[in-house]
Amino acid sequence: MRVLITGGAGFIGANFVHQTLEDRPDAEVTVLDKLTYAGNAESLRGVSDRVKLVEGDVADADTVDPLVAQSDLVVHFAAESHNDNSLNDPTPFVTTNLIGTFTLLEAVRRHGTRYHHISTDEVYGDLELDDPAKFTEHTPYNPSSPYSSTKAGSDLLVRAWVRSFNVAATLSNCSNNYGPYQHIEKFIPRQITNLIDGVKPKLYGAGQNVRDWIHVRDHNTAVWRIIDAGQIGETYLIGADGEMNNKEVVELILELMGHDPHDYEHVADRPGHDLRYAIDNTRLCEELGWEPEFKDFRSGLADTIAWYKENEAWWRPQKAEVEAKYAAQGQ
Numbered sequence: 001m002r003v004l005i006t007g008g009a010g011f012i013g014a015n016f017v018h019q020t021l022e023d024r025p026d027a028e029v030t031v032l033d034k035l036t037y038a039g040n041a042e043s044l045r046g047v048s049d050r051v052k053l054v055e056g057d058v059a060d061a062d063t064v065d066p067l068v069a070q071s072d073l074v075v076h077f078a079a080e081s082h083n084d085n086s087l088n089d090p091t092p093f094v095t096t097n098l099i100g101t102f103t104l105l106e107a108v109r110r111h112g113t114r115y116h117h118i119s120t121d122e123v124y125g126d127l128e129l130d131d132p133a134k135f136t137e138h139t140p141y142n143p144s145s146p147y148s149s150t151k152a153g154s155d156l157l158v159r160a161w162v163r164s165f166n167v168a169a170t171l172s173n174c175s176n177n178y179g180p181y182q183h184i185e186k187f188i189p190r191q192i193t194n195l196i197d198g199v200k201p202k203l204y205g206a207g208q209n210v211r212d213w214i215h216v217r218d219h220n221t222a223v224w225r226i227i228d229a230g231q232i233g234e235t236y237l238i239g240a241d242g243e244m245n246n247k248e249v250v251e252l253i254l255e256l257m258g259h260d261p262h263d264y265e266h267v268a269d270r271p272g273h274d275l276r277y278a279i280d281n282t283r284l285c286e287e288l289g290w291e292p293e294f295k296d297f298r299s300g301l302a303d304t305i306a307w308y309k310e311n312e313a314w315w316r317p318q319k320a321e322v323e324a325k326y327a328a329q330g331q
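Structure representation (structure tokens):
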């Protein structure tokens, strides 16, 4: 199988590349990545001789079209995904998430290529902290940020291209990922690398916001299960029943790294900070027979901490710039 992976030098995409080559050694993998600050060719070290890396923009039809024409499958990870950045400048989110998806859809329509679209649970908005409900495939979209609204728009484009043009596509919306190769601007790796540097973790507001955490490896096994067995045109929600509020996550990181669990700093909250995300993965598990490997968040987090300790050369060049940006925002 010839697989084109967009955003394959980013966090989830790079892990997907490694897992694909590990589990499907006969796959021919091409990565299309713009190699912005969030894309790092070093994330593909160790498999670079088995991957064709094309530096380019998913919104550039002249780059996208020949790559799609040479592929049996496109897995679209490429996205601007950091909420804080979308609040500061929404422009690249509109370009990458909307125009980029449109460009890919037109290419797969021309060439009859199978397509899988990676999205987020944030398109559904948020839930009250005391609400027993979870997001399902039928939850109405209610995005609250430039990031989540552009991802919602990209999902709707895919659904329209399936219905209008018979594009062979599936979609997945996943909860918050954690694991190796995640950029240190993100919540969990930022706290881990701060502690490695002897700096107290930073907690937005009171830290009561709840996220449904899933190890990146579990996300990617679910994606392959959907590609292999999912119904064309359908959406599947990926989650691992990992609800935990940000305060609990910070305290667990501190504990696992040998510190006082209460030794962190409160900083200014994010504007419009969503309260709670929660995924109902019933359809994925019952219809496709998928289940997560990392059912214990504590052990998955310990593995992640060990990875950042062992791979300082990967994240160190970005650390000072990231913390300077947050300091300027009072965070």
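Sequence positions in the sequence shown follow the UniProt record's numbering and run 1 to 331. Think of the CB as a built atom: it goes at the ideal place given N, C-alpha and C, for glycine as much as any other residue.
{"Asked": "Assuming Leu284 and Ile238 make a contact with CB atoms under 8 Å, what is their CB distance in whole Å?", "Found": "6 Å"}
{"Asked": "Would you identify the three-state DSSP class for Ala169, choosing helix, strand or coil?", "Found": "strand"}
{"Asked": "Could you pull out every residue in the same chain whose Cβ sits closer than 7 Å to the Cβ of Leu256, ignoring the five residues on either side in sequence?", "Found": "Leu301, Ala302 and Ile305"}
{"Asked": "Based on Cα-Cα distance, which residue from Glu137, Thr282 and Pro92 lies nearest to Asn83?", "Found": "Pro92"}
{"Asked": "If you compare alpha carbons, which of Arg45, Glu286, Val58 and Pro146 is closest to Ser86?", "Found": "Pro146"}
{"Asked": "Which runs of the alpha helix (DSSP H) at least 4 residues long sit entirely within the segment 241-297? Give them in chain order.", "Found": "246-256 and 282-288"}
{"Asked": "Closest by CA to Phe11, which one among Val216, Arg298 and Asp65?", "Found": "Val216"}
{"Asked": "In the structure shown, what three-state DSSP assignment does Arg45 receive?", "Found": "coil"}
{"Asked": "Nearest by alpha-carbon distance to His138: which of Thr235, Pro90 and Thr36 is it?", "Found": "Thr235"}
{"Asked": "Please confirm whether Pro189 has its beta-carbon closer than 8 Å to some beta-carbon of chain C.", "Found": "No chain C appears in this structure, which consists of one protein chain only."}
{"Asked": "In whole angstroms, give me the CA-to-CA distance for Asp121 and Lys295.", "Found": "19 Å"}
{"Asked": "So, are the CB atoms of Glu248 and Lys202 less than 8 Å apart?", "Found": "no"}
{"Asked": "What does a CB cutoff of less than 7 Å around Leu156 pick up in its chain, not counting 5 residues either side in sequence?", "Found": "none"}
{"Asked": "Sorted by chain position, which residues of the same chain lie with C-beta nearer than 6 Å to Ser71's C-beta, five sequence neighbours on each side aside?", "Found": "Arg2, Leu4 and Thr113"}
{"Asked": "Distance check for Ala69 and Glu22, CA to CA, integer angstroms please.", "Found": "25 Å"}
{"Asked": "Which residues mark the beginning and the end of the alpha helix (DSSP H) in which Glu28 is found?", "Found": "From DSSP, Glu28 is part of no alpha helix (DSSP H) but of the beta strand (DSSP E) over Glu28 to Asp33."}
{"Asked": "Kindly examine the ligand NAP and report whether one of its heavy atoms sits closer than 7 Å to the Cβ of Tyr277.", "Found": "This structure lacks the ligand NAP, and indeed carries no ligand of any kind."}
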